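First comes the structure, then the notes that go with it.
There are 2 protein chains.
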Amino acid sequence: MTDDGDGLPLADRLARRIRTLLISGELAPGQRLSEAAFSERFDVSRNSLREAFRLLTKDGLLRHEANRGVFVAVPSMSSIIDIYRVRRMLECGALRQAWQQHPAIRAMREAVTMARRERDAANWIGVGSANMKFHAAIIDLSDSVRLNEFYERIAAELRLCFGLLNDPEHLHSPFVEMNDAITTLVENDKPHEAAAQMETYLNLAERTMLKALERASEKA
Amino acid sequence: MTDDGDGLPLADRLARRIRTLLISGELAPGQRLSEAAFSERFDVSRNSLREAFRLLTKDGLLRHEANRGVFVAVPSMSSIIDIYRVRRMLECGALRQAWQQHPAIRAMREAVTMARRERDAANWIGVGSANMKFHAAIIDLSDSVRLNEFYERIAAELRLCFGLLNDPEHLHSPFVEMNDAITTLVENDKPHEAAAQMETYLNLAERTMLKALERASEKA
DNA sequence: ATGTCAATATTGTTCAACAATATTTCTGTA
DNA sequence: TACAGAAATATTGTTGAACAATATTGACAT
């Protein structure tokens, strides 16, 4: 099940491959991505590669400087603050108007179960993925393809931030039980309380993130 | 003040030019955009044009079909519903957490004033622009560059929908006074009431839009 | 009218070239 | 040595042509 999306245009497939490299941390923030090197590496033409770069730049994962090339975006304090501002708006909004019978709630519950299982197996990056699934499910509550698409972009940027840090246990584990509580609230048709809980969740996560970034940058 | 953004890469400038054509209605929805024809028209290479097409496709203004080319996106019922779902989420959210002293409130007031002036001059497309400025100012309340950027994309799609209709007077004028009321509410530090008012505003606008699209499509 | 097959046009992708701009290396001078 | 400036080099920006893969058109036979 390699699923290399053979039907899609080359640039899209390329963008997906590079995105994977970016969020897996194989390409360091700030690193320059040479057109010649990458077109060679992926065995595609420079033109096709440039199309892919444009897409990823629009996604905020790459930064483009005129006549200097593209660089892996470097997460900053202000970008983290901005990302969490977006998350509060979207996730709390989606929860607040959540309808008790919405199928996405089932996905939220599944993500919580998965996160717990991964945590018990001490697989912290698994906990992280389950966590991301949980929040994606929350966005699904809003039933908007555009919001889903937008959130995917934000989530990719967030993963880029995660890659900057180490300590994934301390980063993801504490939130598993909060996810459970929030899920229970929407299951019991208390969307406003769920949204309120999510707001404190995100504020806490933001602080954790900023603190971690601070430590990481002063070490450098 | 032509402001052709001479510093930007060619593909970005191209994308902007084509976007202008799209939202001004010079390119009809569903129309196919031939690479050969447009690269000739703008006197650029096919490669550069393709990069621009990719950007606009990502913005939802163009649709890309494999081996068939790009087409101007055709607004549908579902896309309008989706767009207004996004607008409710973003605009109501921004208003709800609005801070009385925020500079964007001043921009809202200015947009209202401008809209009134244009309406009195019976310049309906001017009313429309002022209206768009008003809603952009509301998004500014959230102080997020990512939300602003996302809203720009949504606004462009919305303008594409507007182009499909005629009757701009009936489409924009009724909302000027509502804008005034909402602005007054945030000026008086009643953000929740402003958000509630905005929700009814957007529901009404959505219905108007859907009705108009229905008429336009059954005529075809 | 309908379906089949060749002819044509369009997109998908690559390659090679050159201009414009950045970066590095070299050089001469204080 | 340290440093400013100039030459040399490398990289991006953009173009044009080429060819394969796919889609559209049109002619023809039934």
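Protein sequence lines, in the order shown, are assigned to chains A and B.
Letter 85 of the first sequence, counting from 1, is numbered 86 in the numbering used here, and no numbers are missing.
Letter 62 of the second sequence, counting from 1, is numbered 63 in the numbering used here, and no numbers are missing.
Every residue gets a Cβ at the ideal spot worked out from N, C-alpha and C, and that includes glycine.
Note that the structure is a prediction, hence the values are computed from the model and not measured.
Alpha-carbon spacing of residue i relative to residue j, whole angstroms
| i | j | result |
| --- | --- | --- |
| F39(B) | D168(A) | 52 Å |
| Y202(A) | A182(A) | 11 Å |
| G8(B) | R14(B) | 9 Å |
| A112(B) | G129(B) | 10 Å |
| P30(B) | F163(B) | 11 Å |
| E41(B) | S49(B) | 12 Å |
| A53(A) | A67(B) | 16 Å |
| I84(A) | I155(A) | 7 Å |
| P192(B) | Q101(B) | 8 Å |
| R86(B) | A37(A) | 43 Å |
| G94(A) | P10(B) | 37 Å |
| T209(B) | R33(A) | 49 Å |
| S174(A) | R88(A) | 19 Å |
| A123(A) | K134(A) | 18 Å |
| L166(B) | K212(B) | 10 Å |
| P76(A) | T58(A) | 14 Å |
| L172(A) | R47(B) | 47 Å |
| E170(B) | R20(A) | 46 Å |
| M78(A) | L214(A) | 8 Å |
| N180(B) | R69(A) | 45 Å |
| A206(B) | E178(B) | 13 Å |
| I81(A) | R97(A) | 23 Å |
| I106(B) | N204(A) | 26 Å |
Extent of the continuous alpha helix (DSSP H) to which residue i belongs
| i | result |
| --- | --- |
| L9(B) | From DSSP, L9(B) is part of no alpha helix (DSSP H); its letter is neither H nor E. |
| G94(B) | 94-97 |
| G164(B) | 146-165 |
| V113(A) | 104-121 |
| G129(B) | 125-141 |
| V87(A) | 78-88 |
| F1(A) | Nothing can be reported for residue 1(A), as the shown portion of chain A is limited to 2 through 221. |
| F72(A) | No alpha helix (DSSP H) holds F72(A); the beta strand (DSSP E) holding it covers 70-73. |
| V35(A) | Reading off the sequence shown, one finds Ser at residue 35(A), where the question assumed Val. Where S35(A) is concerned, there is no enclosing alpha helix (DSSP H), given that its DSSP letter is neither H nor E. |
Min CB distance residue i to chain B below 7 Å
| i | result |
| --- | --- |
| V187(A) | no |
| K59(A) | yes |
| R147(A) | yes |
| D83(A) | yes |
| E194(A) | no |
Residues that residue i contacts on chain B, provided the C-beta gap is smaller than 7 Å
| i | result |
| --- | --- |
| V48(A) | The question names Val, but residue 48(A) is Asn in the sequence shown. What N48(A) touches in chain B: N48. |
| A12(A) | R55 |
Same chain only: Cβ atoms within 6 Å of residue i, ignoring 5 sequence neighbours per side
| i | result |
| --- | --- |
| R64(A) | F72, A74 |
| L28(A) | L22, V73 |
| A108(B) | A138 |
| D60(A) | R154 |
| D190(A) | Q101 |
| A99(A) | L142, V187, P192 |
| L56(A) | A16 |
| A12(A) | S49, E52, A53 |
| E26(B) | The residue you asked about is not Glu; residue 26(B) is Gly in the sequence shown. Contacts found: G164. |
Chain-order list of residues whose beta-carbon lies under 7 Å from that of residue i (same chain, five-residue window excluded)
| i | result |
| --- | --- |
| D121(B) | none |
| R160(A) | I24 |
| L91(B) | I140, L148, Y152 |
| H136(B) | E92 |
| A131(B) | A112, M115, A116, E119 |
Chain A contact for residue i (CB, 7 Å cutoff)
| i | result |
| --- | --- |
| R216(B) | no |
| E27(B) | no |
| A87(B) | First, the amino acid is wrong: residue 87(B) is Val here, not Ala. So yes, V87(B) belongs to the interface. |
| M90(B) | yes |
| G94(B) | yes |
Under 8 Å from the C-beta of residue i: neighbouring residues of chain A
| i | result |
| --- | --- |
| G8(B) | A67 |
| I155(B) | R147 |
Contact set for residue i: own chain, Cβ-Cβ below 8 Å, skip 5 residues either direction
| i | result |
| --- | --- |
| R216(A) | none |
| L186(A) | P192, E194, A195, Q198 |
| F43(A) | L15, R18, L50 |
First through last residue of the beta strand (DSSP E) which encompasses residue i
| i | result |
| --- | --- |
| H173(B) | Premise fails: H173(B) lies in the alpha helix (DSSP H), 169-173, not in any beta strand (DSSP E). |
| L63(B) | 63-66 |
| V187(A) | Where V187(A) is concerned, there is no enclosing beta strand (DSSP E), although the alpha helix (DSSP H) it sits in stretches over 177-188. |
Beta-carbon neighbours of residue i, restricted to chain A and to distances below 7 Å
| i | result |
| --- | --- |
| F151(B) | F151 |
Contacts that residue i makes with chain B (C-beta to C-beta distance below 8 Å)
| i | result |
| --- | --- |
| D144(A) | R86 |
| E52(A) | R51, E52, R55 |
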